[in-house]
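Engineer:
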Amino acid sequence: MTFTTLEDAGKFYRNYAKAAGFSTRVRCTNRKGNEIKNQLITCSREGKWKSKLSPTEKTNPTAGLNCPARIYIHTLKDVGAWIISKVVLDHSHPCCPSKAEMLKQHRELSMSIRRTIENNEEAGIRPSKTYQSFVAAAGVTAS
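Counting along the sequence shown from 1, when you hit position 19 you're at 860 in my numbering, and nothing is skipped either side.
Now the structure itself:
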């Protein structure tokens, strides 16, 4: 699959990730001078982290699961296009497409909410009060 820019390729994989129910991150980018040659985009649960806490004390013990899902994008010099050369679609964890919009990478604020937050910030209204106003407008009781 070819793309005109690296951003288009990354956006394509992010959209796929949202539909499949996982989030992504750029693992590494190789450059030659100032020019990007290739990029590796992985599942955000790729890798394994050593924790100082015992597994029973962790709040999210399954954050790093050595997930192998990834794509490798590189440029074709003669054409000036970007191509996905390697793809691994298997995950080592369950993916939930119905809850994908709750993942940090896929969250979005509407323009009206952004404008309200900016106006409240300029007026000196604390973030907690802004949050309470959104909760009240939604008709949800905050605890």
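Glycine included, each C-beta is placed from N, C-alpha and C at the ideal position.
Is the CB-CB distance between I912 and I882 below 7 Å?
Structural biologist: In the sequence shown, counting from the first residue as 1, residue 912 sits at position 71. In the sequence shown, counting from the first residue as 1, residue 882 sits at position 41. Closer than 7 Å, so yes.
Engineer: Using 8 Å as the cut-off, can you tell me whether the segment 857 to 873 makes contact with the segment 917 to 925, which would need three or more C-beta pairs spanning the two stretches below that distance?
Structural biologist: Segments in contact, no.
Engineer: With a Cβ-Cβ cutoff of 7 Å, do R872 and C908 count as a contact?
Structural biologist: As a working note, residue 872 is residue 31 in the sequence shown. As a working note, residue 908 is residue 67 in the sequence shown. Cβ atoms of R872 and C908: not closer than 7 Å.
Engineer: With a threshold of 7 Å on Cβ separation, who are the neighbours of T843 within its own chain once the five nearest residues in sequence on each side are excluded?
Structural biologist: Along the sequence shown, one-based indexing puts residue 843 at 2. Within the same chain, T843 has close Cβ partners A922, W923, I924.
Engineer: Can you list, in chain order, the residues of its chain with a C-beta nearer than 7 Å to that of Y854? Leave out the 5 residues immediately preceding and following it.
Structural biologist: Along the sequence shown, read from residue 1 onward, the residue named residue 854 stands at position 13. For Y854, where only same-chain residues beyond five positions count, the Cβ hits under 7 Å are T865, I882, I912.
Engineer: Leaving out five residues before and five after L950 in sequence, what residues of the same chain have Cβ atoms less than 8 Å from its Cβ?
Structural biologist: As a first step, residue 950 is located in the sequence shown; it is residue number 109 there, counting from the start. Within the same chain, L950 has close Cβ partners I958.
Engineer: Along the alpha helix (DSSP H) that carries N875, what are the first and last residues, could you check?
Structural biologist: The residue you call residue 875 lines up with position 34 of the sequence shown. It is not in any alpha helix (DSSP H) - N875 carries neither H nor E in the DSSP assignment.
Engineer: Look up K945 in the DSSP assignment and say whether it is helix, strand or coil.
Structural biologist: Sequence index remark: in the sequence shown, residue 945 carries index 104 (1-based). Helix at K945.
Engineer: Under a Cβ-count criterion, where at least 16 other Cβ atoms within 10 Å of its own Cβ denotes burial, should A910 be classed as buried or exposed?
Structural biologist: Residue 910 sits at position 69 when you count from the first residue of the sequence shown. Its Cβ being crowded by 16 or more others within 10 Å, A910 is buried.
Engineer: Is S864 helix, strand or coil by DSSP?
Structural biologist: The sequence position of residue 864 within the sequence shown is 23, counting from 1. Residue state, collapsed to three classes: coil.
Engineer: Measure from the alpha carbon of E942 to the alpha carbon of each residue in E848, D849, F863, then state which is nearest.
Structural biologist: Numbered from 1 along the sequence shown, position 101 holds the residue referred to as residue 942. The residue with the shortest Cα to Cα distance from E942 is F863.
Engineer: Between the alpha carbons of G888 and A964, how many angstroms are there, rounded?
Structural biologist: Along the sequence shown, one-based indexing puts residue 888 at 47. Along the sequence shown, one-based indexing puts residue 964 at 123. For G888 and A964, the distance between alpha carbons rounds to 43 Å.
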